[in-house]
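>
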Amino acid sequence: MKAIFLGPPGVGKGTYASRISPQMGIAHISTGDLLREEVKKKTELGLKAKEYMDRGELVPDELVIDMLEKRIREKDCENGFILDGFPRTIPQAEALEKIVKIDVVINLLLKDEFLIEKISARRQCRKCGEIYNLADIDREGIKMPPILPKVPGKCDKCGGELYQRDDDKEETVRERLEVYKKQTAPLIEYYRKKGLLKEVRVTGGPEKMVPIVMEAMRSPPQTK
Ligand SMILES: [Zn+2]
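Using the working numbering, count along the sequence shown one by one with no gaps and you end on 411.
1. When the Cα atoms are used, what is the spatial distance from K411 to K337?
2. Considering F268, what are the terminal residues of the beta strand (DSSP E) in which it resides?
3. Jot down the residue ranges of each uninterrupted alpha helix (DSSP H) in the segment 245 to 270, minimum 4 residues, whole runs only, in chain order.
4. Judging by CA-CA distance, which residue of M404, V397, S406 is the nearest neighbour of I206?
5. Taking the alpha-carbon positions, what's the G226 to L250 distance?
6. Quick one: give me the first and last residue of the beta strand (DSSP E) that I191 is part of.
7. Mind checking whether L321 and G194 have CB atoms under 8 Å apart?
8. Measure the C-alpha to C-alpha separation of D354 and G267 and round it to an integer number of angstroms.
9. Between the segment 385 to 404 and the segment 214 to 230, do three or more beta carbon pairs fall short of 8 Å?
10. Tell me whether E224, by its Cβ, gets closer than 7 Å to a heavy atom of ligand 3.
11. Give the range of the alpha helix (DSSP H) segment to which S205 is assigned.
12. How many angstroms separate the CA atom of G233 from the CA atom of M240?
13. How long is the line joining the alpha carbons of K381 and G340, rounded to whole angstroms?
14. For a test of your reading of the model: does the CB of G347 fall under 7 Å from any non-hydrogen atom of ligand 1? Yes or no.
15. Quick one: grab the DSSP three-state call for L295.
16. CA-CA distance, V287 and G391?
17. Taking the alpha-carbon of G199 as reference, which of D343, T359, R242, P333 has the nearest alpha-carbon?
18. Report, in whole angstroms, the separation of the C-beta atoms of Y367 and I277, which I expect to be a contact under 8 Å.
19. Does DSSP put V387 in a helix, in a strand, or in coil?
Below, the structure is given as structure tokens:
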């Protein structure tokens, strides 16, 4: 099973991918994490990527594709993977197509108002990157309980300090949503035309949504 998760920032792609991948025996590849790892390990590709990052520039698509190509040859990708955070544009999707055949694209949907509320309540562990969420949403048929650490401000997994990422601050969230929409709308059409797209409306927290997303991954794509 080779899947792509699409969806606006804050919809929970990373959370779903990290919970579903062990259940399905496939890898979770977050391109953001992958990039940070390569840089940290000072691999050839990582060092090249760092040059762009240090200049405040976007890492070129070809570099990300090279990293992905290497990553999906690793053993934990034998049964497949979930790609989270890539592709974001049609040129990226076309480049991806050249290295691997994707089975399904899950598009996660949620209204902006809820996304903004959720993203600005997100907290991340400084050490291991685990994500928590302080927002408690229960209205309009949408129930999203918070994902709280056992000890406030501390990560359950490693005890690291939780913090709010700069790009999760409310003032930047709206801008990120606009950028996402402009960038990704054509991508959604691209995968719809290929018959790979499955849309899943998010109406609850991970407990409710994980089985629904897994079902969507396993059932044949919508014809539309
Ligand atoms: Zn942690």
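Yeah, the Cβ is synthetic: ideal placement off N, Cα and C, and Gly gets one too.
The relevant details are as follows:
1. Since pLDDT at K411 reaches only 47, below the 50 mark, its modelled position is unreliable, and the value read off the structure follows with that caveat. Roughly 45 Å separates the two Cα atoms.
2. F268 -> beta strand (DSSP E) spans 268 to 271.
3. 248 to 258
4. Reading off the sequence shown, one finds Arg at residue 206, where the question assumed Ile. Of the listed residues, the one whose Cα sits closest to R206 is V397.
5. The displayed chain sequence assigns Val, not Gly, to residue 226. For V226 and L250, the distance between alpha carbons rounds to 12 Å.
6. Per DSSP, the unbroken beta strand (DSSP E) holding I191 starts and ends at 189 to 193.
7. no
8. So the two alpha carbons sit approximately 31 Å from each other.
9. Using a Cβ-Cβ distance cut-off of 8 Å, the segment 385 to 404 and the segment 214 to 230 are not in contact, since fewer than three pairs of beta carbons, one from each stretch, lie closer than that value.
10. This structure lacks ligand 3; its bound ligands are ligand 1.
11. 200 to 211
12. Rounded to whole angstroms, G233 to M240 spans 10 Å at the Cα level.
13. 44 Å
14. yes
15. strand
16. 32 Å
17. Nearest of D343, T359, R242, P333 to G199, Cα basis: P333.
18. At roughly 15 Å, the Cβ-Cβ gap does not stay under 8 Å, so Y367 and I277 are not in contact.
19. strand
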